[in-house]
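Visitor: Just dropping this structure here.
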Amino acid sequence: MDINATLLGQMLVFFFLIWFSWKFIWPPLTKAVEDRQKKIAEGLAAAERGQTELQSAHGEAQVIINAARDQAKKIVDQAHKREVEIVDEARSTAIEEGKRIVDGSRADAAQEKSRARDELRKDVASLAVAGASRLLQREIDPKAHADLIEQLAREIEGAKA
Amino acid sequence: MSAAEHAAGPANSTEYIAHHLTHLKVGEGFWSLHLDTIFMSVLLGLVTLAIFYSAARKATVGVPGKWQAFIEMVVDVVDSTVKEVFHLDRSFLAPLALTIFVWVLLMNAMDLLPLDLPGKVASLFGIHYWRVVPTADANTTFAMSLTVLAVVLFYSVKAKGVGGYVHELFTAPFGGNPLLWIPNFLLNLVELLSKPVSLAMRLFGNMYAGELVFMLIALLGAGFFTWTIGSTVGFFGQFLMGTGWAIFHILIIVLQAFIFAMLTVVYTAMATEHH
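Encoded structure:
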């Protein structure tokens, strides 16, 4: 052990080292570490927040999907109902129309029939008049004997029926 | 590590060891300097600063590189260790502990260089004495421990005020009776002075003894080129023991550096506590 002025020199060296690391080394290093810790903590918090947000978004989406499903079901039901209605309506319309057509035809037919009958009667009357005039060899006034002829026509018709 | 490679060749073992324990010294008496100690400690101090300053300058908040992560890990270990012991503002004490730890670690690590290598390199420059371990020089260890003492005194005064500290010196631990002032003061003086002495002597003793053991082991293989059975056994003995001691010494190097830094923090923490 040889203690000499080296001691003082080493003290100066030591002072300088301490001063330098105190002023220029320690602060930036610890600051970087602390800042990073803060950043990581923030990142973790953000991740957690994102997770919960995702969770609630999932829930919300489920609610929306359920509502949409309900609505779709409602629409389909409505469509079904409407379909039945339309079919019913069409059916009743068709029945009515058919009946109307049938009635119309029936009326036409009846009209035609009575017209034909009238014509036939007229023909029979004129035939009867012609026959009678031939038989009697003289002119018969159809107007004067209209009643007679009418009766005859009716008798013929009755015999024919 | 072999004494046999020594250029000039020492006459005997005693001379070899004496040579290796001689500093490169200028001046006489107290006003002399160990140039080897100062050169090595300044060099290693600059290495310490460079290592940490390069990391500190490039320190970013983003993802750290491997080097920055390593430096930050060291810083964090020191910081949390100091935090456990010392509960006040540690913006000065933590960098102090870091500086002590890394600087002492590097200086101690010089013990692992091959024993004769630094001397060989120095001899290329015409220098014949070169001790490479600054912490095996009591001047270095006492310079550090006395600085630590100053830090301890500063924190004592800072925590208690000048009056409070002087009052405590005379009244603790036995009490405030005027008859007890002198015993109290003497006891406190011994306690105070024993701190730097034990700090310095512990580190110095460990490193000096470690160096000495390396020299003794190096002497084992000294006679290798006489080509006798004994010298061959001695050579292998040197190899095995040198390896073993170096591995064990790694532990001592780190441990002593850590103890010095840790005790500095503990002493300072004790100084700020009220009795």
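Note that the protein sequences, when read in sequence, are chains H and C. Quick note, my numbering runs 8 ahead of the 1-based positions in the first sequence. Quick note, my numbering runs 902 ahead of the 1-based positions in the second sequence. By construction, the Cβ of each residue, glycine as well, lies at the ideal position given by its N, Cα and C atoms.
Hey, quick one: how far does the beta strand (DSSP E) through C/Gly967 stretch, first residue to last?
Guide: Indexing the second sequence from 1 puts residue 967 of chain C at position 65. According to the DSSP assignment, C/Gly967 belongs to no beta strand (DSSP E), since it is labelled neither H nor E.
Visitor: Between C/Thr1174 and C/Tyr1067, what straight-line distance do the alpha-carbon atoms span, to the nearest angstrom?
Guide: Here residue 1174 of chain C corresponds to residue number 272 of the second sequence, with the count starting at 1. Here residue 1067 of chain C corresponds to residue number 165 of the second sequence, with the count starting at 1. Each residue's Cα considered, the two are about 10 Å apart.
Visitor: Go ahead and label C/Lys1097 buried or exposed: buried means 16 or more other beta carbons lie within 10 angstroms of its beta carbon, across all protein chains shown.
Guide: Residue mapping note: residue 1097 of chain C aligns to position 195 of the second sequence, counting from 1. Classification for C/Lys1097: buried.
Visitor: Ordered along the chain, which non-local residues of its own chain (more than five positions away) have a Cβ less than 8 Å from that of C/Leu935?
Guide: Numbered from 1 along the second sequence, position 33 holds the residue referred to as residue 935 of chain C. If we look at C/Leu935 and ignore the five residues flanking it on each side, its Cβ neighbours are Lys927, Val928, Gly929.
Visitor: Against C/Trp933, what residues of chain H qualify as contacts under a CB-to-CB distance less than 8 Å, listed in chain order?
Guide: Reading the second sequence from its first residue, position 31 is the one you call residue 933 of chain C. Under the 8 Å cutoff, chain H gives Asn12, Ala13.
Visitor: What residue from H/Ala13, H/Gly139, H/Gln18 has the CA that sits closest to C/Val944's CA?
Guide: Position 42 of the second sequence, counted from the first residue, corresponds to residue 944 of chain C. Nearest option by C-alpha distance: H/Gln18.
Visitor: Would you list, in sequence order, the uninterrupted beta strand (DSSP E) runs of no fewer than 3 residues that lie entirely inside the segment 82-169 of chain H?
Guide: none
Visitor: Counting only Cβ pairs nearer than 8 Å, list the residues of chain C close to H/Gly51.
Guide: Here residue 51 of chain H corresponds to residue number 43 of the first sequence, with the count starting at 1. Residues of chain C passing the Cβ test: none, with the nearest at roughly 12 Å.
Visitor: Counting only beta-carbon separations shorter than 8 Å, does H/Ala40 have a partner in chain C?
Guide: Position 32 of the first sequence holds residue 40 of chain H. Closer than 8 Å: yes.
Visitor: Measuring CB to CB, does H/Ile72 end up less than 8 Å from C/Phe954?
Guide: Locating residue 72 of chain H in the first sequence gives position 64, where the first residue counts as 1. Locating residue 954 of chain C in the second sequence gives position 52, where the first residue counts as 1. Taking 8 Å as the cut-off, the Cβ atoms of H/Ile72 and C/Phe954 do not count as close.
Visitor: Distance cutoff 8 Å, beta carbons only. Does H/Leu25 sit that close to anything in chain C?
Guide: The residue given as residue 25 of chain H occupies position 17 in the first sequence. So, interface residue.
Visitor: If you measure between the beta carbons of C/Ala1163 and C/Ile919, is that distance less than 8 Å?
Guide: Numbered from its first residue, the second sequence carries residue 1163 of chain C at position 261. Numbered from its first residue, the second sequence carries residue 919 of chain C at position 17. No.
Visitor: When the Cα of C/Leu951 is compared with those of H/Lys81, H/Val132, H/Leu37, H/Glu61, which residue comes out closest?
Guide: By one-based count along the second sequence, residue 951 of chain C stands at place 49. Cα-wise, what sits closest to C/Leu951 is H/Leu37.
Visitor: Over what stretch of residues does the beta strand (DSSP E) that includes C/Lys927 continue unbroken?
Guide: Within the second sequence, numbered from 1, the residue matching residue 927 of chain C stands at position 25. Looking at the DSSP string, the run of the beta strand (DSSP E) that includes C/Lys927 is 927-930.
Visitor: Buried or exposed: which applies to C/His922, given that a residue is buried once 16 or more other Cβ atoms fall within 10 Å of its Cβ?
Guide: As a working note, residue 922 of chain C is residue 20 in the second sequence. C/His922 should be labelled buried.
Visitor: Find out if the Cβ-Cβ distance for the pair H/Ala136, H/Ile157 is shorter than 8 Å.
Guide: Locating residue 136 of chain H in the first sequence gives position 128, counting from the first residue. Locating residue 157 of chain H in the first sequence gives position 149, counting from the first residue. Yes, they are a contact pair.
Visitor: Ends of the alpha helix (DSSP H) at C/Ser956?
Guide: Counted from its first residue, the second sequence places residue 956 of chain C at position 54. Element bounds for C/Ser956: 937-960.
Visitor: If I measure Cβ to Cβ from C/Phe988 and keep anything under 8 Å in the same chain, skipping five residues before and after, which residues do I get?
Guide: Counting from 1 along the second sequence, the entry for residue 988 of chain C is found at position 86. Here the set comprises Leu995, Val1167, Thr1170, Ala1171, Thr1174.
Visitor: Closer than 8 Å, CB to CB, is H/Gly67 near chain C or not?
Guide: Here residue 67 of chain H refers to the residue found at position 59 when the first sequence is read from its first residue. Not an interface residue.
Visitor: Could you work out which residue in C/Glu1113, C/Trp1129, C/Gly1123 is closest to C/Arg1033 when comparing CA atoms only?
Guide: Stepping through the second sequence from its first residue, residue 1033 of chain C is reached at position 131. C/Arg1033 has its Cα closest to that of C/Glu1113, out of C/Glu1113, C/Trp1129, C/Gly1123.
Visitor: Assess, as a yes-or-no matter, whether the segment 1128-1135 of chain C is touched by the segment 1098-1110 of chain C under the definition of 3 or more beta carbon pairs within less than 8 Å.
Guide: no
Visitor: Mind checking who C/Trp933 pairs with in its DSSP beta bridge?
Guide: Position 31 of the second sequence, counted from the start, is the residue given in the question as residue 933 of chain C. Answer is C/Glu930, bridged to C/Trp933.
Visitor: What does the alpha-carbon distance come out to for the pair H/Phe173 and C/Trp1005?
Guide: Given that chain H is displayed from residue 9 to residue 169, the structure contains no residue 173 of chain H and the question cannot be resolved.
Visitor: Pair every Cβ in the segment 960-974 of chain C with every Cβ in the segment 51-58 of chain H, then say whether three or more of these pairs are closer than 8 Å.
Guide: no
Visitor: Throw me the rounded Cβ distance for the C/Phe1141 and C/Phe1126 pair, which I believe falls under 8 Å.
Guide: Looking up residue 1141 of chain C in the second sequence gives position 239. Looking up residue 1126 of chain C in the second sequence gives position 224. C/Phe1141 to C/Phe1126, Cβ: 11 Å. No contact.
Visitor: Considering only the beta carbon of each residue, do C/Thr1145 and C/Ala1102 sit closer than 8 Å?
Guide: To locate residue 1145 of chain C, count along the second sequence from 1; it is residue 243. To locate residue 1102 of chain C, count along the second sequence from 1; it is residue 200. Against a cut-off of 8 Å, the Cβ pair of C/Ala1102 and C/Thr1145 comes out as no contact.
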